[in-house]
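**Student:** Residue numbers (the working numbering): 201 to 299.
Glycine included, each C-beta is placed from N, C-alpha and C at the ideal position.
Small disclaimer: the values here were computed from a predicted structure and weren't measured.
Okay, here's the structure, questions in a sec.
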């Protein structure tokens with residue numbers, strides 16, 4: 201596939217939008233990143249963060265779980281980074297399943 205933008209750059213831009221309170225725009229950026237990098241666990245975890253910020257708990261949970269599933273086949277990320285993603289996603293899953 202054609203890579204129009206680096207994953208890390210799109211991710212940084214998405215979090216910049218979140219910091220500015222533009223959760224809906226961040227969702228779009230992170231969704232584009234998921235589409236471009238479907239094997240990256242981090243893209244799913246970031247999209248989950250954006251949905252959480254946008255108040256969409258259902259989608260936040262769905263993408264946190266997808267991040268956990270993607271970890272097994274994510275060969276691009278370091279083990280250390282994957283551990284951080286797992287911790288982030290598991291924390292969200294536990295929180296979102298509470299109610």
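If distances are taken between C-alpha atoms only, which option among 273, 298 and 260 comes closest to residue 289?
**Tutor:** Indexing the chain shown from 1 puts residue 289 at position 89. Ranking the options by Cα distance to residue 289, first place goes to 260.
**Student:** Tell me, please, whether the region 222-232 touches the region 249-260 by the rule of three or more beta-carbon pairs shorter than 8 Å.
**Tutor:** As far as the Cβ criterion goes, the region 222-232 touches the region 249-260, which means the pair count is three or higher.
**Student:** Since residue 217 contacts residue 234 with CB under 8 Å, what's their CB separation in whole angstroms?
**Tutor:** In the chain shown, residue 217 corresponds to position 17, counting from 1. In the chain shown, residue 234 corresponds to position 34, counting from 1. Contact doesn't hold; Cβ gap of about 15 Å is too wide.
**Student:** Expressed to the nearest angstrom, what Euclidean distance is found between the alpha-carbon atoms of residue 237 and residue 245?
**Tutor:** Here residue 237 refers to the residue found at position 37 of the chain shown. Here residue 245 refers to the residue found at position 45 of the chain shown. Residue 237 and residue 245: Cα-Cα distance of roughly 12 Å.
**Student:** Since I believe residue 264 is in contact with residue 227 (beta carbons under 8 Å), could you give me their beta-carbon distance rounded to a whole number of angstroms?
**Tutor:** What you label residue 227 is simply residue 27 of the chain shown in a count that begins at 1. What you label residue 264 is simply residue 64 of the chain shown in a count that begins at 1. The pair is not a contact, with the Cβ atoms about 14 Å apart (cut-off 8 Å).
**Student:** From 282, 278, 257 and 231, pick the residue whose C-alpha is nearest to that of residue 269; which is it?
**Tutor:** Against the chain shown, residue 269 aligns to sequence position 69. The candidate whose alpha carbon is nearest that of residue 269 is 282.
**Student:** Quick one: what does DSSP say residue 256 is sitting in, helix, strand or coil?
**Tutor:** The residue given as residue 256 occupies position 56 in the chain shown. Residue 256: coil per DSSP, three-state reduction.
**Student:** How is the alpha helix (DSSP H) around residue 300 delimited, first residue to last?
**Tutor:** In the structure displayed, the chain extends from 201 to 299; residue 300 sits before or after that span and is not available.
**Student:** Note down, in chain order, each residue of its chain lying with its Cβ closer than 8 Å to the Cβ of residue 231, except the 5 sequence neighbours on either side.
**Tutor:** The count along the chain shown starts at 1 and reaches residue 231 at position 31. Answer for residue 231: 247, listed in chain order.
**Student:** Taking its Cβ as the centre, do 16 or more other Cβ atoms sit within 10 Å of residue 271, making it buried, or is it exposed?
**Tutor:** Here residue 271 corresponds to residue number 71 of the chain shown, with the count starting at 1. Classification for residue 271: buried.
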